[in-house]
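In the numbering used here, the protein residues as written are 1269 to 1797.
Encoded structure:
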């Protein structure tokens, strides 16, 4: 009569597995610690990677900065503008090399003689941008040098006006009055330094400037030609008029000696051309004057370093250092009144897209029009990709650590099989099935993964408190505003996934020892001492 094998419940198998682990406390503890360290490293790397990614998005979510695309004029030399002698490729070579040589010649000529805008950002260019799908708004960026007069107060002085979004960051710099009301109003916000230089020093006097008329005038040369004196004195960093005249007189005295100077032929030609410019006087250049009067509605202070950190808007930097801030389209129309500027156009504009998801489509359309572009979303995607790569690298190292721990588990359990050979023989002699023996060892592996994984998760959670403080101090030093929430994220999928991975690896590590134990011959095992 065939003897039936004893019925062993899953609880009995689990009890035998736990009992075996308890009998080897030191060995089991060290094995569990190995799994815990690997789990800890994996959990922390994935947690902070997910948390930082979420923090980056939360910093800008809900702001217009994510929906803005900066458009720039792209300058490049055109082959048609290059003299034939400067773009003739001589010699026998492949067509591919000939094309490369031609491209290089055109580029070099452009760097020496000046490049033209590939696509002009004039009225037509601005209108084309405004008609792009998903574009809600176009804000021209204008910076113009000129002369300003404040209702007869003080003397006319050189100043710079810039365009700004009426809802822009400059609102946070207001010390008197209000912000601009719209895109096309004849209003202006002035810098308190300008008022100070015009004699309005006290706080009360600054407030009196509200409602006053300010007249801005700029000059534009017909055809864009400049005398050497005008070129040298242009801008805030230019020469003074006296310095400019002194330099021109010195150049004129050098004129008879150009042929004796130890200069290469190309430099001698360039120097001779410079001397020719000294003969062109400012009053010989045809120029037009353009003036407009605006009503002062607000006064702003200087933007400090802390203010710069609190905004990511491109338009904030466009107005930094400006004496007068005008509505964007008011400034654009005023600047484009000059025929030379109307023809060549502006240098920059900012588009506002209807949704974050459509920014990529708009940037591609802008590129296809011949403009250069940049957007905050592109920067954020680059940062997120870098964070992802770092997270993957650290997670890979953690998985390697878990794999090393798994090899240790395999080795430990093989030793356990050897030590328990006699015990396994008794179990099989009493009728224990092969599958039951295998299950006992697999449960031991799962138990090590469960305890080690749980301990690793606990250590990761504890480490997140000091880790968050350190990571926050580093990250907030480079972000425009404080970070909300913890930089360590613990979504349920991460907790359960890490725990299950730890158990899976340890069970796989126990698979070979379990298979070997299950295949032991009971007769041979009983003889084993």
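Note that the Cβ used here is the ideal one computed from N, Cα and C, for glycine as well.
Quick caveat, the model's predicted, so the values are computed rather than measured.
Annotated three-state conformation of residue 1402 is coil, per DSSP. Using a Cβ distance threshold of 8 Å, residue 1309 and residue 1674 do not count as a contacting pair.
In terms of Cβ geometry, residue 1567 and residue 1458 form a close pair [threshold 8 Å]. A check of alpha carbon separations from residue 1359 across 1465, 1369, 1724 identifies 1369 as the nearest. By the C-beta criterion, the segment 1677-1684 is judged not to be in contact with the segment 1310-1324, since fewer than 3 inter-stretch pairs fall below 8 Å. With respect to the 8 Å criterion, residue 1638 and residue 1386 are classified as neighbours on the basis of their beta carbons.
Sorting 1409, 1344, 1393 by C-alpha distance to the C-alpha of residue 1378 places 1344 at the top. Residue environment: residue 1408 is assigned as buried (16 or more neighbouring CB atoms within 10 Å of its CB, all protein chains considered). For the pair of segments examined, the segment 1397-1404 was found not to touch the segment 1557-1565: the number of CB pairs separated by less than 8 Å stays below three. Across the set 1538, 1532, 1542, 1587, the C-alpha of 1542 shows the shortest separation from the C-alpha of residue 1519. Per DSSP, the unbroken alpha helix (DSSP H) holding residue 1612 starts and ends at 1607-1612.
The alpha-carbon separation between residue 1398 and residue 1430 amounts to approximately 21 Å. For residue 1712, the closest alpha carbon among the candidates 1607, 1667, 1773, 1645 is that of 1773. Boundaries of the beta strand (DSSP E) harbouring residue 1640: 1640-1643, taken from the DSSP string. Taking each of 1762, 1677, 1735 in turn and checking the Cα distance to residue 1778, the smallest one comes out for 1677.
Between residue 1437 and residue 1616, the gap from beta carbon to beta carbon reaches 8 Å or more. Of the residues assessed, residue 1573 falls on the exposed side of the cut-off, its CB having fewer than 16 other CB atoms within 10 angstroms. A distance below 6 Å between beta-carbons, with the five flanking residues on each side excluded, links residue 1603 to the following residues of its chain, in chain order: 1410, 1412, 1609. Non-local beta-carbon contacts of residue 1663 in its own chain, meaning distances under 7 Å to residues more than five positions away in sequence, involve 1310, 1313, 1314 in chain order.
Annotated three-state conformation of residue 1378 is helix, per DSSP. Closest in C-alpha terms to residue 1589, from the list 1600, 1294, 1570, comes 1570. In the displayed model, residue 1431 falls within a strand according to three-state DSSP.
Around the beta-carbon of residue 1454, fewer than 16 other beta-carbon atoms lie within 10 Å, marking it exposed.
Across the set 1521, 1416, 1426, 1605, the C-alpha of 1605 shows the shortest separation from the C-alpha of residue 1391. Note on residue 1746: under 16 other CB atoms within 10 angstroms of its CB, so exposed under the neighbour-count rule. Counting of Cβ neighbours within 10 angstroms places residue 1466 among the buried residues, the total reaching 16 or more. In this structure, residue 1478 lies near residue 1564, with their beta-carbon atoms less than 8 Å apart. Assigned with DSSP and collapsed to three states, residue 1418 falls in strand. In this chain, the beta strand (DSSP E) harbouring residue 1338 covers 1336-1340. Put simply, the backbone Cα of residue 1484 is about 39 Å away from that of residue 1376. Shortest Cα-Cα distance from residue 1443 to any of 1471, 1450, 1416, 1452 involves 1471. Under the three-state reduction of DSSP output, residue 1481 falls in the strand class. When beta bridges are read from the DSSP output, residue 1455 appears opposite 1563. Looking from the CA of residue 1710, the closest CA among 1679, 1782, 1522 belongs to 1782. In the DSSP assignment, residue 1442 falls within the unbroken beta strand (DSSP E) covering 1442-1445. Within the DSSP bridge table, the entry for residue 1620 names 1336, 1405 as partners.
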